[in-house]
Structure formats: C-alpha cells, structure tokens
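Right, one structure below, let's go through it.
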Amino acid sequence: MKKWNGLLSLLLAVTLIFGQSGVVYAAEISDVTTNEEADGESVKSDFDEDAAVVSDEGTSTDIQSEEEVPAVTDDVETEGGEEPPAVPAEETEEVPEEPAEADAETEEPAAEEAEPKTEDPDETVQGFAMPAEKKQMLEDLGFKTRNLDQEMMQEKSVLGEVVSELSSMKSGEDYTENEIMYFADSEEEALEIAECYGGSLAEFEYGVAVANIERTVEEAVKVAADMKVSIPAVYPNIILSIDSTVDAAVAKKSETKLIDEADVEHEELPAEKPEGLEVDRTGNMPYALAPTDPGYAEQWYHNFLGTVDAWDATKGKGVKVAVLDTGIDLEHPDLKANIGGYESFIAAEPDPRDGNGHGTHCAGIIAACQNNEGVVGMAPEATIYSGKVMNADGRGGSAEAIRGVRWAIEQDVDIISMSFGSLFHIPQFQTEINKAANKGIVVVAATGNEAISQKNYPAAYDNVIAVGAIDDNGLTTFSNYGTWMDIAAPGEDILSTVPGGYAYMSGTSMACPLVSGIVALMLANNDTFIPTGKKTTVAKVTKALQDSAVTWNRYGIDVDDDGYADGYFSGDSYLVADVVTATYSVDNSEAKQPSIKFFKANVDGSSTEITPQGNVVEWGQGYQGYQNYQGYYFEFDPNTPHGKVYFTINGKKPTAKTGERHYDGDKWNLNRSGKVKIQAVTVVGSKVSSVFSATYTLDVKATSLDPVCSQNMSVAEGKSIQLGATIYPSFASVTKLKWTRESGNEKITVNAKGKVTCKKGAGADPATIKATTTDGSEMSVEFTVTPDASAAKNVTIEGTSITLSYLADRTAPNGEYIPAKVENGNAIKNSYQLNVSDDGSTSDQYLYKSSNTKVATVSNTGLIRARGKGKAKITVTANDGSNKKKTFNVTVVNPVWDIYTYSSTGYSGDSAYIPIGTGCSITMKTEINYNTKNVLYAASDKKVTWRVEGSGLTVDQKGKVTCAGGNSSLIGRTIPVTVTANDGWGTSQTINFLVTDGIKELSTEEGYKSATINSVRVGSSVSPLTVGDVIDDPARVVTEFNTRDAFWSGIDMKYSNKDVAYRYWYVDPDDPRYDGWVIAATKAGTTTMTYTTRDGSNKKFTLKLSIKKATVNLNQ
272 MKKWNGLLSL LLAVTLIFGQ SGVVYAAEIS DVTTNEEADG ESVKSDFDED AAVVSDEGTS
332 TDIQSEEEVP AVTDDVETEG GEEPPAVPAE ETEEVPEEPA EADAETEEPA AEEAEPKTED
392 PDETVQGFAM PAEKKQMLED LGFKTRNLDQ EMMQEKSVLG EVVSELSSMK SGEDYTENEI
452 MYFADSEEEA LEIAECYGGS LAEFEYGVAV ANIERTVEEA VKVAADMKVS IPAVYPNIIL
512 SIDSTVDAAV AKKSETKLID EADVEHEELP AEKPEGLEVD RTGNMPYALA PTDPGYAEQW
572 YHNFLGTVDA WDATKGKGVK VAVLDTGIDL EHPDLKANIG GYESFIAAEP DPRDGNGHGT
632 HCAGIIAACQ NNEGVVGMAP EATIYSGKVM NADGRGGSAE AIRGVRWAIE QDVDIISMSF
692 GSLFHIPQFQ TEINKAANKG IVVVAATGNE AISQKNYPAA YDNVIAVGAI DDNGLTTFSN
752 YGTWMDIAAP GEDILSTVPG GYAYMSGTSM ACPLVSGIVA LMLANNDTFI PTGKKTTVAK
812 VTKALQDSAV TWNRYGIDVD DDGYADGYFS GDSYLVADVV TATYSVDNSE AKQPSIKFFK
872 ANVDGSSTEI TPQGNVVEWG QGYQGYQNYQ GYYFEFDPNT PHGKVYFTIN GKKPTAKTGE
932 RHYDGDKWNL NRSGKVKIQA VTVVGSKVSS VFSATYTLDV KATSLDPVCS QNMSVAEGKS
992 IQLGATIYPS FASVTKLKWT RESGNEKITV NAKGKVTCKK GAGADPATIK ATTTDGSEMS
1052 VEFTVTPDAS AAKNVTIEGT SITLSYLADR TAPNGEYIPA KVENGNAIKN SYQLNVSDDG
1112 STSDQYLYKS SNTKVATVSN TGLIRARGKG KAKITVTAND GSNKKKTFNV TVVNPVWDIY
1172 TYSSTGYSGD SAYIPIGTGC SITMKTEINY NTKNVLYAAS DKKVTWRVEG SGLTVDQKGK
1232 VTCAGGNSSL IGRTIPVTVT ANDGWGTSQT INFLVTDGIK ELSTEEGYKS ATINSVRVGS
1292 SVSPLTVGDV IDDPARVVTE FNTRDAFWSG IDMKYSNKDV AYRYWYVDPD DPRYDGWVIA
1352 ATKAGTTTMT YTTRDGSNKK FTLKLSIKKA TVNLNQ
C-alpha cells in the first residue's frame, strides 16, 4: 500500500510542478460559424460535440464563444516580458516591511542575514517562498534547487514562451534530445546548474553551457519556467541548419511562375530622351572597369546590380565581417589575404576549416579578393572572421550560434552574417543579437528556403536584416517571404569559392552574404558609422539599405515604391537591394551645386573649352566620338566626391527620377539651337544640392549647304520651277537663304524663295542661280538652269501602293529579330525606292512630299522609309514647270513581335504548366507587344488564333480553355495550347496545361463554405486559440474522382492580416495523420483567410481566425 501511495505522490508532484502546457500540435474546430444562407436566412453550426467541456462537477458545458472559455490562472505571458504573477497569500511567508527611507549601505547586511539556509524547511527566492514539501518533491524527481539572483529570476520570466514553443517542436528534429543549453558566469557555475537537472556538463565556452540530461528537454524547461521553483533557466538546444539546399518539394515549385491577374504588366519600353539630346560614351565606361578575374563574368549578379559603380567609392577596406557558418578554407587563394580570424565552436570538429563548403562559399560572396584569379566578392577588400558554428553536415545548435555571436562581438566586428536557420526560436538568442546591435554591429541572416511565409530564425529576430533570394526575374520559388523579410538579393546560381576551388550554389544562404557585402561597402563609405559603436548605426544602415532599394512586384518587375512592409504574398511588392544606391546613400559628403562646361572637339582628338559670351554659346553638331570629327558637347562636374548629377532641359526640376543621369566622362550632345534652360543637381546619398539653373542661347552656324534637286535643271518657256537647298546642321540658328542670279540668261529670274521663272523667247542660253546662307558662314551652292521648249504632260510611278514595316529586318525591343515578311509574293521591308518617269525631257526633276512624316518619310531621290504604323500619301511633282503630279499610297504596319499570356487563375503562360481540373474552364488573356502605344512598336493587328495541340481540351477564339469532365485518364496529362498572331509574321506562344482532378467542393467536412475558429480542443479540454497553436486546416477538397490533389498550388491564399497566421504543408514521417495542411497561429489578433481554387473550378472558402496571446499554466 505504501508503494502505491508513493507512486501517487510522485504523480501528484509531477502534476504540481509541470502543470499543463496549454498548447497543441493540432486541434479540432471548437467554434465554427458559417455564412451560408438557407431559405434566405443565416445558418450557424456550433459543432456541439467539439465544444463540450466536462466540468469538475461532471456536467457538460457548451462553449458559445471564446469569451466564455474559463480563464487560465497563474499564467506566464509568452510575449511582452511581463513581471511574474503575484503569489497567493496562503503560499507565502510574511516578509517584514522594509523602512521607507532605508539606506543602501545598511540594506546589504540585512539581505545577507535574511538569506535562507539549506536546513530551512522553506527556501525563499526573490520574494517567493518554496514550501519544503514542494522542494522535497523536486529532489525526489532528481532536481536540485539553488539560490537565484535577480538576473536569474528575470531570465526565468520569459521561459513560458519557450514552453509554448516546445509544444510544437519535435525532439531530435527541432532540438537535440536530452540536451539542455544555458548560461553561466563560470565553469563552476555551469557544473552546478547541470547538477540541478541531474545532468552532466558537456561543453562550456563563452559563457554558454550544454549539459546532457536523462529526462526530456520539455520536462526540464517546464520546471525551469516555474517562477516558484528555485532552479535556473535552461533552454532546448535548437537545431539550426544551413539554408542553401533546395529540396525536391521546393524545386517542384519552380515549375510555375505566379502572377496576379489584376497586376499584370510587361516592362515598359524605355522613355525617349528630350528632342535633340544624345550622349556619347565612346571610349568611356559609366562604371569603373570590371575586374579581370576569370570567374567574374559568371557572377551575373555583379552586372545585374552594377557593383563596379559602387567600387568607385569603396571596396570595403577596413570593415570586419564575421561569417558564422561551417568554417572556411584557410588556404584558398581567393580568401586567405582577407582572413582576419577564425574559431570553431563545434566540439566534435575543433578544426576551424570548412568540411562542408557552405561557409567558404558565403565568405567568398562577401570578400573574395580581386586578384586576377577566381571570382570577386561584393566587398573584395573587407576582412573575414570565420566562426564555425555548423558541422560538416551543415547542422549546429543555438548554443554554438550564440557562442559565435559572442565571439564576433569580442572580435569587434562590424557585421555578422548568418546563413542558417530554424522555424523555432528562444528569447536568449534575441538577447545576444541585441547585445551586438547595441555595440553597432549589423546582423544579417537568411530567411530560409521553404518557400513559406513562416518566420525563420535568426532572420526574424529584431535587429536583424532578413534577406530573401531573387533571380533575375523575381523572388525565387524557394525563398521564404513575408512582411518580416527586410530585403531581397540575388541567390540563384551564385558562383563563389569552395574548399579547393569554385562552385555554384543557390539559396537565401547566398543572398545573405551578398547583402552583408553591400553593408560592408556602406560602412566603408561612411567613416562616421563604424567609430560610433551604437545601436543607432544599425538602425541607420538598415533604413539606408531599404530606402535605397528597388521595389519589385512578385514576378520581378520594377514598380513604384509602395512600402516595403507589404511582403511578397498575393502580388505585393518587396525590396531588392541596390548596391550602388546603398553604397552612396550613406556617403556623408556635402552635396555641392554642380557646374557645366561647353566644349568643341577638334580634328586631332583634343577639345577646346567654349566660354559663353553672356548667355550666348557657340554651338553646332554634336560630338560623335570619332577622332577626325569635330563636334560640340557639354558635361557636368558634381563638385562633390561620389556625387551623381541629374539634369533636365525641359523646365522640370531635376531629380533622380525626372532627370538624365550624367556619368563622369559623358559628352552630352544637344542638337538644337536657340534658347535652352539647363537645370542640374548633385546627389550624394540622401543629400541633394541646390539647383544649378541657367538659360543659354545656342548659336549654331551652318556647316554645309546641299541641293535638294539636281544642280543642272531645265525649265519650259513661260513656266517656273522650284530650287532648294538644305542647311546643315538641320538645327542651325538661321534657315533663310539668299537667292541670286549670278550670271547668264537674263530672261531666267529667281525670287527670294528660290522659284526660277523662264520668260518666253529665252532662247537656249543657261543661267547660274546661287543660294547663300545668311548667318555669316558663307555656305553656298550653285544651279545651272537651261530653257526648254517642252514640259512633261504626264508623270508615271511604277505601282500604286506599298506596305512597309519599321521593324522588318530589324530587332524588336524584346530582342527578337523580325524578318522581312513575304506577302502576295512581295517582301514587306522597312524601305522602298520609287521608280518615276514622265513623257517630257526632265525625267530626273521631281519633288517628293509625304503627307505624314510620322508614318513615312521620302528623300529627294524618292526613297521611302517606314516610321510608325498608319497610312501616308507620297506626292511626286514634275519640277519642270508643268506641275504634273502623281500620288503613291504607303501603309506602314507593325508586326506582333511578342505575345504574353496569363490565366484567369493567376498563372503566367511562361510557366512550365498551368493546372486545369477535369470539367473546368480557364480563360487565357493576352498582352500584345507589351501593350505599348508607341507608334514604332504597337501592333497593327492584335487578332490571334487559338488552337489545341491534342485531345482532352478545347479552346474557343476568346481564349477560353475547357477540360472535358468524366474522364479520369486525362489526369496527369500535359496538353499544349497555342496562340498565334494573325498578321502572318508567325509570332506565337504555346501554353502547357496539366490536367488535374477537378475540384467539385471546397468546404469543411460538414459542407460549410466559411468558418470561424477561436478555440481548440485537446481531449476533453477546450481553450482559446493562442499564439503557438498549430491546428489542422478545416478546409477539405472534394474532387471529381476523389484522387489526391498532388498539384502544389491548387489553392490560392489571401490573408487580411498576414502576421497573425499562415497555412503550410506539414509532413510527419512517423504519423501519416499529420501529413497535410495545417495552420499556425503566430500573432494575437484576427485574420480572414480566403481560399480560391486555381484549377478553373472557381471554388472559394473563407476562414476567420481569432487568436489570443499564448499563456501557459505552470503552477497548478
């Protein structure tokens, strides 16, 4: 009997000490409200069997709402760091009230006298009394109590959050089994704390201890969380892993490119510069010279980001970066010159060298040397400090990571880069990061590669820059995302160093060190940052990094900045790091007003500066970069180190968005004359100079005069002909000519406009007619005009019309070559030579004129050139005085050179496939030629033809694709659908449709199309839905043939509040029941989750969640 009594006492002790966790792995719906209507009335279903709770009296109580759930007492809040709860009076000893005016020096001995002795029946800890009975129970269970100071008690106060986190973690997978982590001031103290848990000290370094225990980690942490138990705080040693391995499940997602139907757009064609403005960069690179390291050309992200332009300012010299990872190749030729220190924190691998390759790869992305071999890092002159916190398998623990952070702080580094993570966290890791931030150390971490919005740590901790990964088209399909992601950077196919050589890797692990390298450039370019050593440095750098970033939408198109808090989900925007802007954004130089200078290039290659005379500037044809060609140009001086100049000539105030960017060495041509207002500013970082503004008069003299007709002309007696000459340059200040008869037949005269008249009886003698410029340049041209007895009676043109295309035999904006199209046996080209004749003796004297020069132009020899789509009429006039005319019709068409498609279900036609359910329909929409309105590129005929390449699908000519129902053999088949432009140029796109089992119903198991969840059931207990809970997704899919829907994105999710909860696929290899969709509660509040099927079935489901802060019963 005594044996059973003892066992019961032991069980009672366990209950008293461990209490109830209050969190669950999965839960049933305890309160579901539907919004369906029946007979015009709202219907509510309460799932009574789930809402029943057995009370102490044994009666059943229905839970009507979350407000009626019994309050949880003696709770420790998991968020907010609140003070420990007050202790009930019946459990405490009376403590004499201290005098109000007690002197600090007299209090100290009093405290020593009041210190409880080990033989006392009760032990008092910081005002709490531990009954002797409870202390004995602990000792019977193998625990040992000790005195705790205020700091230790404060550390215990946050353990409730850890207990809550442990409830959703799996031993051996998420944390090391039978191993606790804790903090101690000495090895002696570490041994004592290990003994408190009946364990043995395994490791102690940098104040972080790891002990082996026989009991479960959850039991140990729960006892430690009890504020009335005088045992120090301990934590699970959370397993961390590197973030560069893209598993098969993630790789599958790369097959589709998501778009949002409401936000579809192609990139815009580049804006045209102001009329006459051109820039010559012949022999001039707008960026610094690219490195000659052979692997540099394969590091696509350098060119993508324009890294070399940032290197004009700095290459990171003097900045120290700690890479906490798998170690480093100490002898790598591209790294060893930049290694400043190293240490291993892996007890089983004391060698600091890299046994995995991941750490060396990350280090090379940051600071591989520019040394004419291998690759080049983002900050090739920064110094690397390698902390080995991951083993050769790419795994480590939070204990090793925290030691690495403490070591990095001790090394006085400027940046800590961490490309590893876990979905779980402990408050103490946040504390260590805060210590780094308080010393001015910028911490950067990878968001992870699960393609989910769930937070990943350490990236999601405060004071950490969380980095997602992009490729050159947008956020990668493996990158984690969400409002907690601070910025994104290239992370796909990144070439960098590995032990003994070089290799490509992909992952947010690669994007993280790239941003660390950018931060290194920022710190090196602002000497006020590093010496401050204050938390304000971290805030300033983070803000500057984000403010300078480019905003992308989720399929990689640069959009206007609408805030970086939107995240990636459902078409929202996110920030992409801009190394150039970021580097210069922190430059602390004063922005001074820029200045302008005018030059004339000489034949020998030299240039002569032009000094304006008042506001008049000698000007002319723009410089073209040829050594033997004279030309005029202007350039700016920013008058500020690293300054950028932006200027306008259209009267608008210059900014980075409205102005033209001037690079050092640019020669700006302005092919116009007359008055021009030039305004310019210098920008350095966030500083902008005052506006330089001046109005100049450009005085352009004629450089040549060319005839527009033959210089040997004939004219019939009694008739007139028109002579003409073109002044070059075309924008010369004076366009008026002086016409004179220089010699010859006096019966041939010329007026002031070049009209020549031949009087009757002129005979056969010719006259010389001269045209002279009137601007002082003295350019002239002479014509010989001879009388003729006859004139043309008819003008004949071969053919009556022609179809041309500006793009024919040219390259379209998307890079596609457009051949000359053959139509009705004729090739549609971009130009056409008129063949004109007449029945007179003046067969080469014609005047040509186009009715619409925006559509087609014609030269003085009859060469027609296509310009923009439309129609024009070319008029040919016999210039012999007969005034006989003939017209020729020109039609200019623009081909379809690009077809972009997207589905009504939100997929791009560029995807590897678009899912379509059996019995479902999807409408495809098209964008032709980027939907541009530019007359040079807009398609003349946007009509297309749709067709199916196979059986099982049909498509109408509006792009509606329908999959046949009732045929399960179609499931899994890929069927192509092609859309082709009707204009005959042959442009087309093929879209692959993957047939899936059509969704017939999306609802709860009971058939409801909407639900509300605010509580969960575990056994017979019902409690509020709280932060940390993970519940089964109540939505169920019913398909036509009841097969498993294997398509990864059969459901599109939208959240009204993305921080409150998220839905993800959970796989438990030990229990198939937990292989499915679950929902994690991550923040107190409410959110509405809208499910929409994406197979064409157009089914919807709405789930509303109400989540409370997590509480844990520790002292029942």
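In this note's numbering, the protein residues as written are 272 to 1387.
Where a beta carbon is used, it is the ideal one built from N, C-alpha and C, also for glycine.
Just so we're clear, the structure is a prediction, and the values are computed from it rather than from any experiment.
F905 sits close to K868, with the two beta carbons spaced by under 8 Å. Straight through space, the alpha carbons of Q993 and V1147 are spaced by roughly 14 Å. Each of N1131, G668 and S435 was checked against the Cα of A480, and the nearest Cα belongs to G668.
Secondary structure note for W678: its alpha helix (DSSP H) is the uninterrupted segment S669 to E681. If you look at C1234, you'll find it in the beta strand (DSSP E) that goes K1231 to C1234. In this structure, the alpha-carbon of K1155 lies about 9 Å from that of D1109. The C-beta distance from S1377 to N1285 rounds to 4 Å, short enough to meet the 8 Å contact threshold.
For T968, the CB contacts under 6 Å within the same chain, skipping 5 residues up- and downstream, are N886, V887 and K946 in chain order. Note on N662: 16 or more other CB atoms within 10 angstroms of its CB, so buried under the neighbour-count rule. Around the C-beta of P1166, 16 or more other C-beta atoms lie within 10 Å, and the residue is accordingly described as buried. At a Cβ-Cβ threshold of 8 Å, S1102 and L1134 count as neighbours. Look at W571 here: in three-state DSSP terms it is helix. The three-state reading of DSSP puts A480 in strand, counting E and B together. Under the three-state reduction of DSSP output, P1000 falls in the coil class, being neither helix nor strand. In the DSSP assignment, A403 falls within the alpha helix (DSSP H) that extends over A403 to D411. Judged by DSSP secondary structure, D625 falls outside any beta strand (DSSP E); it is assigned neither H nor E.
Distances from the alpha-carbon of R943 to those of K972, D456, K1375 and V1248 put K972 closest. In this structure, E644 is the residue among E644, A653, I736 and W890 with its C-alpha nearest to the C-alpha of Y773.
Annotated three-state conformation of N709 is helix, per DSSP. Counting along the chain, no alpha helix (DSSP H) covers L694, and no H or E run does either. Taking 8 Å as the cut-off, the beta carbon of V1248 is found closer than this to the beta carbon of L1224. A820 sits in coil when the DSSP states are folded into three classes, being neither helix nor strand. Between L816 and A862, the gap from beta carbon to beta carbon reaches 8 Å or more. When the beta-carbon positions are compared, V488 and Y446 come within less than 8 Å of each other. Residue state for D580 is assigned as helix, using DSSP reduced to three classes. Membership of Q421 in any beta strand (DSSP E) is not indicated; the residue belongs instead to the alpha helix (DSSP H) covering Q421 to K427. CA-to-CA, the gap between A495 and N734 works out to about 27 Å. The Cβ-Cβ distance between I451 and A491 falls below 8 Å. Per the C-alpha coordinates, the member of V986, L976, Y999 and S1004 positioned closest to W1010 is L976. A residue is called buried when at least 16 other Cβ atoms come within 10 angstroms of its Cβ; D1169 meets this threshold and is buried. Contact between the region 594-604 and the region 615-629 is established, with three or more Cβ pairs separated by less than 8 Å. The count of Cβ pairs closer than 8 Å, one atom from the region 671-678 and one from the region 645-653, stays below three, leaving the stretches out of contact. In terms of Cβ geometry, V1005 and T1045 form a close pair [threshold 8 Å]. Judged by their CB atoms, Q1116 and S991 are not nearer to each other than the 8 Å cut-off. Secondary structure at L601: coil, using DSSP grouped into helix, strand and coil.
Counting C-beta atoms within 10 angstroms of its own C-beta, T1071 has fewer than 16 neighbours from the protein chains shown and is therefore classed as exposed.
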